[in-house]
Amino acid sequence: MPPANVHQFTSRPITNPWNVATAAQPSYPPPVVPSDPRISYPVIIAPQLAPQPVIVPATRRGPGRPAGTGAHQMRRRSTHAAAAVPEEVAGDKEIVTAPYQWATTSPFTVHSLSDLISKKINVISGQVQCKRCEKIVTVEYNLKEKFVEISRYIAENKEELRDRAPSLWMNPRLPTCETCETGMKPVISQKKEDINWLFLLLGQMLGCCTLEQLKYFCYKTQNHRTGAKDRVLYLTYLTLCNQLDPAGTFSR
Ligand SMILES: [Zn+2]
Numbered sequence: 577m578p579p580a581n582v583h584q585f586t587s588r589p590i591t592n593p594w595n596v597a598t599a600a601q602p603s604y605p606p607p608v609v610p611s612d613p614r615i616s617y618p619v620i621i622a623p624q625l626a627p628q629p630v631i632v633p634a635t636r637r638g639p640g641r642p643a644g645t646g647a648h649q650m651r652r653r654s655t656h657a658a659a660a661v662p663e664e665v666a667g668d669k670e671i672v673t674a675p676y677q678w679a680t681t682s683p684f685t686v687h688s689l690s691d692l693i694s695k696k697i698n699v700i701s702g703q704v705q706c707k708r709c710e711k712i713v714t715v716e717y718n719l720k721e722k723f724v725e726i727s728r729y730i731a732e733n734k735e736e737l738r739d740r741a742p743s744l745w746m747n748p749r750l751p752t753c754e755t756c757e758t759g760m761k762p763v764i765s766q767k768k769e770d771i772n773w774l775f776l777l778l779g780q781m782l783g784c785c786t787l788e789q790l791k792y793f794c795y796k797t798q799n800h801r802t803g804a805k806d807r808v809l810y811l812t813y814l815t816l817c818n819q820l821d822p823a824g825t826f827s828r
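As numbered in our numbering, residues 577 to 828 make up the sequence shown, in order.
As structure tokens, this is what we get:
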């Protein structure tokens, strides 16, 4: 017998979910994704072990690169990210349509903090879905506030962490559903390019990504590494922080 409140389960989002938080929308236009069907619900990530790209771009960034060049690479990449976009793909650089206002046209790359602030993008939003009633809501994070929190944590604990994500990152604290007080998981696009990486960083929910998604992110940001999830997750945090603050101390 279906329970009396079965209607709750019919609310599988057909409408544009970005409208959920219309009242709370800040003055900036909503992210570019809204009507984009690429984001799928619910948060089922097909166990597609997508063929892991084996070919490392034909540059000196191969796995055999000497240690200590990481900082330079990351910095270089971030700088290029904000540059004007040529129409054609230059060299091994891939150009995509930025999936969010805060993302650049380089896949898996976000704008720097100063760029975002100068564009008056101070709030980063994303969606979370209740694991029980499947309700989807939009959550907003204050960019600067959250970034300061995370970067301070990294600065204070870097040595102790030893390139591994702490348990808080491995098992993220999730927002609570107002209706049924269950944890709400971030909605993660099946298409890795469209994952809301910055939102996941600020909410410290990157740990909700699969190992495969995290590895792919690291691969695409020239930080290819294999290993256990805590190491790949740590690197994902640092890479995103480095994109936000290329002059910071996030290189390894
Ligand atoms: Zn719920």
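All C-beta atoms, glycine included, are put in the ideal place defined by N, C-alpha and C.
C-alpha gap between residue i and residue j, whole angstroms
| i | j | result |
| --- | --- | --- |
| Ser765 | Glu735 | 33 Å |
| Thr752 | Val715 | 11 Å |
| Thr802 | Asn698 | 34 Å |
| Thr815 | Lys696 | 23 Å |
| Leu692 | Gly779 | 17 Å |
| Tyr517 | Arg738 | In the structure as shown, the chain starts at 577 and stops at 828, and residue 517 therefore has no counterpart that could be examined. |
| Lys837 | Asn733 | The first residue shown for the chain is 577 and the last is 828, placing residue 837 beyond what the model contains. |
| Arg651 | Asp806 | Unreliable positioning characterises Arg651 in this predicted model, as indicated by a pLDDT of 40, which lies under 50. A coordinate reading is not provided. |
| Thr797 | Arg728 | 23 Å |
| Thr680 | His687 | 6 Å |
| Glu670 | Glu788 | 20 Å |
| Arg749 | Cys785 | 14 Å |
| Thr685 | Leu820 | 9 Å |
| Ala741 | Tyr810 | 5 Å |
| Cys706 | Thr758 | 6 Å |
Where the beta strand (DSSP E) through residue i begins and ends
| i | result |
| --- | --- |
| Met760 | Met760 to Pro762 |
| Gln703 | Val699 to Cys706 |
Residue interval of the alpha helix (DSSP H) (run including residue i)
| i | result |
| --- | --- |
| Thr815 | Lys805 to Leu820 |
| Leu727 | Per the sequence shown, the amino acid found at residue 727 is Ser instead of Leu. Where Ser727 is concerned, the enclosing alpha helix (DSSP H) stretches over Leu719 to Leu737. |
| Tyr795 | Leu787 to Lys796 |
| Leu778 | Trp773 to Leu778 |
| Asp691 | Leu689 to Ser694 |
| Ser743 | Ser743 to Met746 |
Cβ neighbour criterion (16 or more within 10 Å) applied to residue i
| i | result |
| --- | --- |
| Ser694 | exposed |
| Thr812 | buried |
| Val763 | buried |
| Leu744 | exposed |
| Asn747 | exposed |
| Ala823 | exposed |
Any non-hydrogen atom of ligand 1 within 8 Å of residue i CB
| i | result |
| --- | --- |
| Cys706 | yes |
| Thr551 | As shown, the chain starts at 577 and ends at 828. That puts residue 551 outside it, with no answer to give. |
| Thr758 | yes |
| Lys711 | yes |
Residue i - partner residues in DSSP beta bridges
| i | result |
| --- | --- |
| Val672 | DSSP, once it has assigned bridges, lists no residue as partnering Val672. |
| Glu716 | Ser701 |
| Thr752 | Gly759 |
| Ala823 | For Ala823, which the question treats as bridged, DSSP gives no partner whatsoever. |
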